[in-house]
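Have a look at the structure below, then the notes.
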Amino acid sequence: MPKREVPDVFPSAVETSALLELAEETLLRHAGPIDPVLVDRASGTLIWDREGKEYLDFTSGQLCATFGHNPAPLREAILASFTRTVHSSSLLLSEEVIRLGERLLALLPPELSKVTLLSTGSEATEVALKAAKMATGRWESVGVSRSYHGHTAGAAAVTFLPRRLGTGPAPSGVHALPAPYCFRCPIDAQYPDCGFACIDVGMTAVDVQRTGEVAACIIEPILSTGGMLKPPAGYLAHLRARCDERGIQLIIDEAQTGLGRTGDMFAFESDDIVPDIVALSKSLGGGFPLAAVAMTDNIAEGAERNGFRFLTSHMNEPSMAMIGLTMLALARRHVEEQSATRQGERLESGLGTLAQDHEIIGDIRGRGLLLGIEFVTDRSTLEPAPDAAVAVWRACRERGLLVQVVSENVWRIAPPLTVDDDEIDRSLSIVHESLTEFESR
Ligand SMILES: Cc1ncc(COP(=O)(O)O)c(C=O)c1O
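To convert a position in the sequence shown, counted from 1, into the working numbering, add 91.
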């Protein structure tokens, strides 16, 4: 391939179409076709493409811009920390790293007393599982059908979505509970009379399938990527009890839900449980790669005693820790101000009003500013309507609203916690117009 001229300054004067051609030619497709929108800049709830078109970003980027794109405190933290130290050895600590650990633990239940700082959510899943296994001396694990915990090998093994396919056998000893999908209950039961039969049926199946002891059970408090499944009240407490009966460590993956997105600092708080391990990422770095895993003293002590080792190049970066401290301060402010609860109620109630006019809205669910819509062909049959989900999503994009289709017929709507009333109302008008256009086809 001939060498290309690469400009020194961006954005360059090159046409968007030429850049897209270059992308087609050179970039591996890792998530379907290349998206024709090329991002130019972002601020608050908004992003602009290279042609200057403005979008309401109700995806918060990849759910990392939880306190808006490029908020001033983040920009200041970047300047301050990057001018001092961009990178240091993963084995050398700094005050920022130690303080971030301290602050994080102060937000969590006191039982969680040890923490480690990492880069990504997938890595956090790996560490959570590894620590649980090494502390207990057990090696099997349990996840939940339709959950997502990352793309690295260990995380993919407890991810029960089609994206785990294609690279040969997963490790043995990994089991899945039926999803808490009340809108389409996989065991055809009805909450609350079901008494969380999905957990009991699943755990009984694990009891007979296992060939060793189960170390850990991992779950997202809201199964987001697998279809915005919000388990009913009491689900996590029931799961906690069933894990306790078996000596299974409970890992709560707060990648998407943590730091205020659902209203509480952590989504597990709504069920009043204490997890054994909590994994955090996304919002913690506000767009930078920063993750953390907190665990009980018992697990940390057991893992260390049994020779726990984990070392990656970007653990314990002082610059990332400084950013994390800033994100935690923003999270505390937004939880105090009840931003996600307040704005989530406005958005959810607006969507509820739209559902009165639009039959293809089958279900609206979620909590705070992590909401989903499930599309159906009609409400009596509940037949999934993936074509509608994609067509209306596309029409919204045309009108300047970004949401995500997370599973075939389900949208995730997750604007930054800084979203204002006017932006919510604009998004609702766009959804209404797009639904009306679809229905009149
Ligand atoms: C619940 C959950 N866990 C883990 C991950 C993986 O995080 P990362 O993409 O940072 O590796 C994600 C990413 O979307 C996630 O939603």
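Note that CB positions come from ideal geometry on N, CA and C, so glycine has one too.
Residue i to residue j span [Cα, whole Å]
i, j, result
"Ala505", "Leu129", "21 Å"
"Thr444", "Ser181", "51 Å"
"Gly383", "Gly123", "A small correction: the amino acid at residue 383 is Ala; Gly does not occupy that position in the sequence shown. Each residue's Cα considered, the two are about 29 Å apart."
"Leu208", "Ser179", "13 Å"
"Ala482", "Phe529", "7 Å"
"Asp284", "Phe158", "39 Å"
"Ile464", "Glu106", "36 Å"
"Asn397", "Ala226", "7 Å"
"Arg194", "Gly135", "25 Å"
"Thr176", "Gly152", "26 Å"
"Met356", "Met319", "19 Å"
"Glu336", "Met294", "11 Å"
"Leu442", "Val501", "14 Å"
"Arg503", "Gly378", "19 Å"
"Leu220", "Ser361", "24 Å"
"Val537", "Glu427", "The displayed coordinates of the chain run from 92 to 532. Any statement about residue 537 would go beyond what the structure contains."
"Thr250", "Ala104", "42 Å"
"Glu116", "Ala486", "28 Å"
"Asp131", "Asp140", "5 Å"
"Ala163", "Thr258", "43 Å"
"Gly393", "Arg333", "22 Å"
beta-carbon residue i near ligand 1 non-hydrogen atom, thresh 6 Å
i, result
"Ala346", "yes"
"Gly241", "yes"
"Glu408", "no"
"Glu465", "no"
"Glu311", "yes"
"Gly571", "Residue 571 falls outside the range modelled here, since the chain spans only 92 to 532, and no answer is possible."
"Ser404", "no"
"Ser372", "yes"
Residues sharing a beta bridge with residue i, DSSP
i, result
"Cys308", "Val233 and Leu341"
"Gly457", "Leu462"
"Arg503", "Gly463 and Gln495"
"Ile390", "Ile390 is not bridged to any residue."
"Val510", "DSSP, once it has assigned bridges, lists no residue as partnering Val510."
"Phe379", "Gly377"
"Glu145", "Trp139"
"Lys205", "Met386"
"Leu371", "Ala383"
"Val130", "Asp140"
When the options are compared against residue i, the one with the closest alpha-carbon
i, options, result
"Met406", "Leu381, Gly398 and Cys487", "Leu381"
"Ile310", "Ile515, Asp284, Arg237 and Asp454", "Arg237"
"Val299", "Val100, Glu231, Ser430 and Ala332", "Glu231"
"Ala280", "Leu113, Pro323 and Asp344", "Pro323"
"Arg65", "Pro262, Tyr282 and His121", "Because the chain in this structure spans residues 92 to 532, residue 65 falls outside the shown range and cannot be described."
"Ser372", "Arg333, Ala385 and Ala104", "Ala385"
"Thr316", "His266, Gln340 and Pro253", "Pro253"
"Gly338", "Leu314, Ala307 and Leu461", "Ala307"
"His523", "His449, Leu196 and Ala358", "His449"
"Gly354", "Leu154, Gln429, Glu116 and Arg400", "Gln429"
"Phe359", "Leu330, Gly376 and Glu392", "Leu330"
"His160", "Glu142, Leu137, Ala114 and Ala171", "Leu137"
"Thr174", "Ile189, Met413, Asn389 and Pro507", "Met413"
Proximity test, Cβ basis, 7 Å: residue i and chain D
i, result
"Ser263", "Within the model displayed, chain D is absent; a lone protein chain is all it includes."
Exercise. Does the pairing of the stretch 198-218 with the stretch 364-371 give three or more beta-carbon distances under 8 Å?
Worked result: With the cut-off at 8 Å, the stretch 198-218 and the stretch 364-371 touch.
Exercise. How do the stretch 167-176 and the stretch 409-421 stand: do at least 3 beta-carbon pairs fall below 8 Å, yes or no?
Worked result: The answer is yes - the stretch 409-421 touches the stretch 167-176, with three or more Cβ pairs under 8 Å.
Exercise. Three or more C-beta pairs closer than 8 Å, one from the stretch 422-434 and one from the stretch 240-260: is that the case here?
Worked result: No contact exists between the stretch 422-434 and the stretch 240-260.
Problem set entry | Given 8 Å, three or more beta-carbon pairs between the stretch 146-156 and the stretch 489-496 | These segments touch.
Exercise. Is the stretch 285-305 touching the stretch 349-357 in the sense that three or more CB pairs, one from each, lie closer than 8 Å?
Worked result: The stretch 285-305 and the stretch 349-357 do not touch, with fewer than three beta-carbon pairs separated by less than 8 Å.
For this session: Answer yes if the stretch 509-523 comes into contact with the stretch 438-453, meaning at least three C-beta pairs across the two stretches below 8 Å, and no otherwise.
Result: Touching, yes, given that three or more Cβ pairs across the two stretches are closer than 8 Å.
For this session: Would you check if the stretch 507-515 and the stretch 466-475 touch, i.e. whether three or more CB-CB distances between them fall below 8 Å?
Result: In this structure the stretch 466-475 does not touch the stretch 507-515; the number of beta carbon pairs closer than 8 Å is below three.
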